[in-house]
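Visitor: Line order of the protein sequences matches chains P and R. Per this note's numbering, residue 2 is the first one in the first sequence, and the count goes up by one each step. Per this note's numbering, residue 23 is the first one in the second sequence, and the count goes up by one each step. Take a look at the following structure, please.
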Amino acid sequence: MTRLAVKDCGAGTTIQDAGRFGYQRYGVGPAGAMDRIALAVANMLVGNAPGEAAMEFTVLGGSFVVEGGPVRVALAGALADLKIDGEPVAPLTSATAEPGQTIAVGRQRPAPSWCWRSPAASM
Amino acid sequence: MVYGGEFGIDLEDVAKAHGITTEEVIRRHSSRTYRVAMLGFLPGFCYLSGADPSIALPRRTSPRLKTPAGTVSIGGVQALFASVEAPSGWHLLGRTPVRNFMPDRDPVFLVGAGDEVVFQPIPEREWDALDRAAAAGEQVAVLAS
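Below, the structure is given as structure tokens:
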């Protein structure tokens with residue numbers, strides 16, 4: 002099984018999908034990503050369906066070590082650096098990280114705002 | 023629902039606050055027909071109108087971090103039956119085995135806004151069997167349409 006080991010991340014790092022609608026009458030708010038368009042862009046860059054769950058960062062990024070299998074990642078939303086083993090990935094493109102490599106998302110600029118990273122595999 | 027004891031740790035306080043017996047609190051609480059005014063706070067939490075004002079009590083000054091799933095409580099003039107475990111500052115009268123929110127069950131939610139609810143006192147010895155049945159997704163409450 003492919004895994005991302007969390008080395009560090011900010012307190013505002015969560016897994017978000019496109020939300021769930023039609024249940025507020027039962028006490029379930031829609032929740033989901035702050036920016037569903039950016040979520041869709043990040044997902045499409047890695048070949049996912051637009052609403053699949055992705056990792057959402059608020060201001061601070063994080064770093065993750067890939068285990069088990071390759072992971073295709075992309076970042077969309079706010080401006081932030083995406084690097085694999087220190088090598089920058091161009092904005093709005095996807096790249097593949099191999100087992101043992103570190104995926105790092107930098108601090109957003111300007112803060113505060115949101116950005117997404119979608120591994121190609123459901124979270 | 024099972025009233026009092028470890029199922030409803032505030033039943034005696036509510037009785038004392040009104041100078042009545044716990045049996046009388048149970049009678050007044052269980053003899054009303056409530057209407058679900060809204061759901062909120064957590065999935066499946068039903069806030070009820072129609073509570074007997076003679077057993078109303080302002081919220082506790084010190085809430086509890088955890089109250090059990092199915093908790094039936096009163097806060098001010100409102101009545102509530104909870105779905106899942108949650109913090110609460112209300113007065114806990116008892117517990118129902120009915121699980122109003124089970125994500126893997128069809129239907130996920132049993133009771134919705136506008137529905138009528140009555141509470142049926144049951145003895146503690148009946149709890150285990152009903153709780154197990156509800157956990158398995160079986161219907162343990164009488165649902166009339």
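Glycine is no exception: its CB is placed at the ideal position from the N, C-alpha and C atoms. Computed from a predicted model, the values in this text were never measured in an experiment.
Using only the alpha-carbon positions, how far apart do residue 132 of chain R and residue 25 of chain R sit?
Guide: Cα-Cα distance, rounded: 22 Å.
Visitor: Need the endpoints of the beta strand (DSSP E) that residue 73 of chain P sits in, please.
Guide: 72–78 is the extent of the beta strand (DSSP E) around residue 73 of chain P.
Visitor: Within the 7 Å Cβ cut-off, does residue 42 of chain P reach chain R?
Guide: By this cut-off, residue 42 of chain P is not an interface position.
Visitor: Taking CB distances under 7 Å as the criterion, tell me whether residue 65 of chain R reaches chain P.
Guide: Yes, its Cβ sits closer than 7 Å to a Cβ of chain P.
Visitor: CB-CB under 6 Å to residue 32 of chain R, same chain, minus the five flanking residues each way: which ones, in chain order?
Guide: So the list reads 113 and 114, once near-sequence residues are dropped.
Visitor: Under three-state DSSP, which class holds residue 131 of chain R?
Guide: Looking at residue 131 of chain R - three-state DSSP - the assignment turns out to be strand.
Visitor: Using the rule of at least 16 other Cβ atoms within 10 Å of the residue's Cβ for burial, across every protein chain shown, is residue 55 of chain R buried or exposed?
Guide: Its Cβ having fewer than 16 others within 10 Å, residue 55 of chain R is exposed.
Visitor: By the DSSP assignment, the alpha helix (DSSP H) with residue 21 of chain R in it spans what residues?
Guide: Residue 21 of chain R lies beyond the residue range present for chain R, which begins at 23 and ends at 167; the question has no answer from this structure.
Visitor: Under three-state DSSP, which class holds residue 141 of chain R?
Guide: Three-state DSSP puts residue 141 of chain R in coil, outside helix and strand.
Visitor: Exposed or buried, which one is residue 86 of chain P when buried takes at least 16 other CB atoms within 10 Å?
Guide: Flag for residue 86 of chain P reads exposed.
Visitor: At a Cβ cut of 8 Å, what residues of the segment 120–148 of chain R count as close to chain P, listed as they run along the chain?
Guide: Listed in sequence order: 123, 130, 131, 134 and 135.
Visitor: Would you mind sorting residue 67 of chain P into buried or exposed? The rule is 16 or more other CB atoms within 10 Å of its CB.
Guide: When all chains shown are included, residue 67 of chain P counts as buried.
Visitor: I need the straight-line Cα distance from residue 100 of chain P to residue 88 of chain P, nearest angstrom please.
Guide: Near 15 Å, if we compare the C-alpha coordinates of residue 88 of chain P and residue 100 of chain P.
Visitor: What's the C-alpha gap between residue 44 of chain P and residue 75 of chain P?
Guide: Distance between the alpha carbons of residue 44 of chain P and residue 75 of chain P: 8 Å.
Visitor: With 7 Å as the threshold, decide whether the Cβ of residue 21 of chain P is near any Cβ in chain R.
Guide: Not one chain R Cβ lies under 7 Å of residue 21 of chain P.
Visitor: Give me the DSSP bridge partner(s) of residue 66 of chain P.
Guide: Looking at the DSSP assignment, residue 66 of chain P forms a beta bridge with P:6 and P:103.
Visitor: State the start and end residues of the unbroken alpha helix (DSSP H) segment that holds residue 106 of chain R.
Guide: Taken as a continuous stretch (DSSP letters only), residue 106 of chain R belongs to no alpha helix (DSSP H), as it is neither H nor E.
Visitor: Please name the residue in R:69, R:66, R:111 and R:101 whose C-alpha comes closest to that of residue 87 of chain R.
Guide: For residue 87 of chain R, the nearest C-alpha among the options comes from R:111.
Visitor: Would DSSP call residue 119 of chain P helix, strand or coil?
Guide: Here residue 119 of chain P sits in coil by DSSP.
Visitor: Can you tell me whether residue 95 of chain R is buried or exposed? The criterion is at least 16 other CB atoms within 10 Å of its CB, across all chains shown.
Guide: It is buried - the Cβ of residue 95 of chain R has at least 16 other Cβ atoms within 10 Å.
Visitor: Specify, as a first and last residue, the run of the alpha helix (DSSP H) that residue 33 of chain R falls within.
Guide: It spans 33–40 - the alpha helix (DSSP H) in which residue 33 of chain R sits, taken as one unbroken run.
Visitor: For residue 106 of chain P, would you say it is in contact with chain R, using Cβ-to-Cβ distances shorter than 7 Å as the test?
Guide: Answer no: the Cβ-Cβ gap between residue 106 of chain P and chain R never drops below 7 Å.
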